[in-house]
Structure formats: structure tokens, C-alpha cells
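Under this note's numbering, think of the first position of the sequence shown as 57, with each following residue one higher. By construction, the Cβ of each residue, glycine as well, lies at the ideal position given by its N, Cα and C atoms. Please read all numbers here as calculations on a predicted model, not as lab measurements.
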Amino acid sequence: MKPWQHFKTITHHRILVCRGCFRVGLYWQGLTHDLSKYSPTEFLEGAKYYQGNRSPNAAEREDKGYSEAWMHHKGRNRHHYEYWTDMNRQTRNYESIPMPRKYLVEMVMDRRAACMTYQGSRYRDDSALRYFESSRERELMHEKTRRELHYILQMLAQKGEKETFSYLKNSVLKGKPFPWEESF
57 MKPWQHFKTI THHRILVCRG CFRVGLYWQG LTHDLSKYSP TEFLEGAKYY
107 QGNRSPNAAE REDKGYSEAW MHHKGRNRHH YEYWTDMNRQ TRNYESIPMP
157 RKYLVEMVMD RRAACMTYQG SRYRDDSALR YFESSREREL MHEKTRRELH
207 YILQMLAQKG EKETFSYLKN SVLKGKPFPW EESF
């Protein structure tokens with residue numbers, strides 16, 4: 057039963073991301089979002105650790121100390137900030153770089169859909185913001201990406217989907233400056 061439940065969960069998540077991406081004009085990204093979740097590396101572990109109320113990657117990590125499915129996933133999906141991490145030749149340390157805007161927008165859709173999927177009827181427009189603000193990931197993200205994501209998630213929490221999606225489509229994806237980038 058777990059494989060079927062896991063399949064339904066990831067498919068539901070993908071449909072939600074696809075709808076969000078379509079609303080802002082990211083058609084190809086919507087169609088191809090998270091296809092790696094159906095690969096054996098990710099699907100089999102996801103089905104094994106499926107719980108229905110949170111990512112199976114967390115349960116796999118608790119059990120094994122790491123998540124093979126997550127390592128596979130983040131290296132193949134550009135909407136995760138971890139994808140945008142590499143070795144800095146000068147410092148010889150792994151460092152993040154700013155995410156291109158189209159992947160930043162897909163990340164917003166992904167986070168929104170994940171909250172909708174796992175929270176169900178408890179989902180609110182501020183769910184993704186609350187998750188982001190309570191996580192440690194803010195420390196690992198590139199400062200520019202972190203600031204842009206936080207701004208967008210705050211907008212979603214305060215102004216709702218309609219205004220936020222319009223902003224993403226007509227400003228962010230068109231390369232217009234964020235408010236703090238505008239010069240007077």
C-alpha cells in the first residue's frame with residue numbers, strides 16, 4: 057500500500073506545482089517538475105519511508121543518518137537551492153551561488169505545493185513562510201536567494217496568491233528589480 061500512497065502523494069504535489077508554474081508562465085518547468093521522484097533511487101526509498109504527513113526523506117535521514125533519495129533529488133532539480141552549491145576555487149569551500157529567477161519561482165511553487173500536500177486543510181498562505189522562517193536552511197542559502205525567497209513568501213502570506221503570482225509573472229520573471237534593488 058505504501059508505494060501506491062507515495063505515488064499518489066508525489067503526483068498530487070507535482071500537479072499543484074504544475075498549476076502554479078502554469079499560472080506564471082513556466083510551462084516546461086511545470087511539466088517536468090520533480091520527475092526524478094519516479095526514478096528507482098528516489099521512488100523506492102520514498103515508498104519505504106512513506107508516512108503521508110511529511111517528506112519520506114526526513115524519515116530516511118532519521119533511520120540511516122542521511123537520505124540517499126534527497127542527495128539524488130537535489131542534484132537533479134534546479135529548483136532546490138542546494139543544486140546551486142559548488143566549490144569556490146579561491147576559498148576551497150563549498151559555497152552557494154544566487155539562483156536564476158526561473159528556478160527561484162519554481163522553488164516558491166514547490167514550497168507552496170509541499171505545504172498544501174502535507175498540511176491539507178490546515179494550509180494557509182503563510183504556511184511556506186512559517187516553514188522557511190523556522191528552518192535552518194536560511195543559513196545555507198546564498199544571501200541574494202534567501203532575501204528574494206523571503207520577500208516572495210512574505211508577499212504570499214500577506215497579499216495572497218493572486219497578487220503574488222502576478223508579481224512573479226510580471227516582475228520577477230521579467231527581470232525587473234526587487235524593491236531594494238531599485239535606484240532612485
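Fill in: Inter-residue Cα distance where the pair is threonine 97 and glutamate 238
When rounded, the distance between both Cα atoms is 44 Å.
Report yes if the CB atom of valine 80 is closer than 8 Å to the CB atom of phenylalanine 221, and no otherwise. Judged by beta-carbon spacing, phenylalanine 221 lies within the 8 Å limit of valine 80, meaning their Cβ atoms are closer than that value.
Item to check | Cα-Cα separation between methionine 197 and lysine 64, rounded to whole angstroms | outcome: When rounded, the distance between both Cα atoms is 30 Å.
Q) Run through DSSP, which three-state label would glutamate 124 get? A) Three-state DSSP puts glutamate 124 in a helix.
Going along the chain, which residues of its own chain have a beta-carbon closer than 7 Å to the beta-carbon of serine 123, five neighbours each way excluded? Hits under 7 Å: Asn113, Glu116, Arg117.
**Message:** Please classify glycine 102 as buried or exposed, where buried requires at least 16 other C-beta atoms within 10 Å of its C-beta.
**Reply:** Buried: at least 16 other Cβ atoms inside 10 Å.
Problem - Which of helix, strand or coil DSSP assigns to tyrosine 150 - result: In the three-state DSSP reduction, tyrosine 150 falls in the strand class (E or B).
Output needed for glutamine 175: all residues of its chain with C-beta closer than 8 Å, excluding positions within five of it in sequence on either side, in chain order.
Once the five neighbours on either side are set aside, the close Cβ partners of glutamine 175 are Ser183.
Compare the Cα-Cα distances from lysine 104 to each of Arg148, Lys232, Leu209, Gln61 and report the closest residue. Taking each of Arg148, Lys232, Leu209, Gln61 in turn and checking the Cα distance to lysine 104, the smallest one comes out for Gln61.
* Name the two residues that bound the continuous alpha helix (DSSP H) containing aspartate 166. => Start and end: 157-175.
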